[in-house]
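K.L.:
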Amino acid sequence: MLLVGHGSSLPFGKEVLTGVTDKLKDRMSEYEIELGFMQIENPLIPESFKKLQDKGFENMIVVPVFLADGLHTKNDIPNRLGLEAAKHDFKYRVLEKQVDYDGNILFLDPLNAEDEIIDMIEGRIEEYIN
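Residue 2 in the working numbering sits at position 3 of the sequence shown, with consecutive numbering throughout.
1) Quick test of your reading: Pro109 and Leu66, contact by CB under 8 Å. State the CB separation rounded to the nearest angstrom.
2) I need the straight-line Cα distance from Glu29 to Asn58, nearest angstrom please.
3) Do Phe48 and Val15 come within 8 Å of each other at the CB atom, strictly closer than that value?
4) Once DSSP output is grouped into helix, strand and coil, what is the label at Glu14?
5) Using DSSP bridges, identify the partner residues of Val148.
Here's what the structure looks like:
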């Protein structure tokens, strides 16, 4: 399983995503889980993907750790994985495929407005106003 983050020149995003990855590794210890970034941060997607690929997995689950769909989840990340990008009306750049993989890739949706996200935001707000 590959978790994908955006990447930032500031350390905070990587710290959070590393924490998320570590917690998932603890909870889902039966799976191999790596973290890769689209840009700026290391490891980048190809490096993390290759670590998993080298272990011989025929199926990969790629989880974009993004709140909503956008250019990166609809275009950039799928292109880098050699998947077909979404069809849309806005102009975008086409990024080169960065992984060479003959197996199956299941590319999941971003987090979206799931009830658990809403509950977390509501709890955070209530914590500060009470």
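All C-beta atoms, glycine included, are put in the ideal place defined by N, C-alpha and C. Model, not experiment: these values are computed from the prediction.
P.N.:
Checking against the coordinates, here is how it stands:
1) 6 Å
2) 15 Å
3) no
4) helix
5) With the chain covering 0 to 129 only, the question about residue 148 has no answer from this structure.
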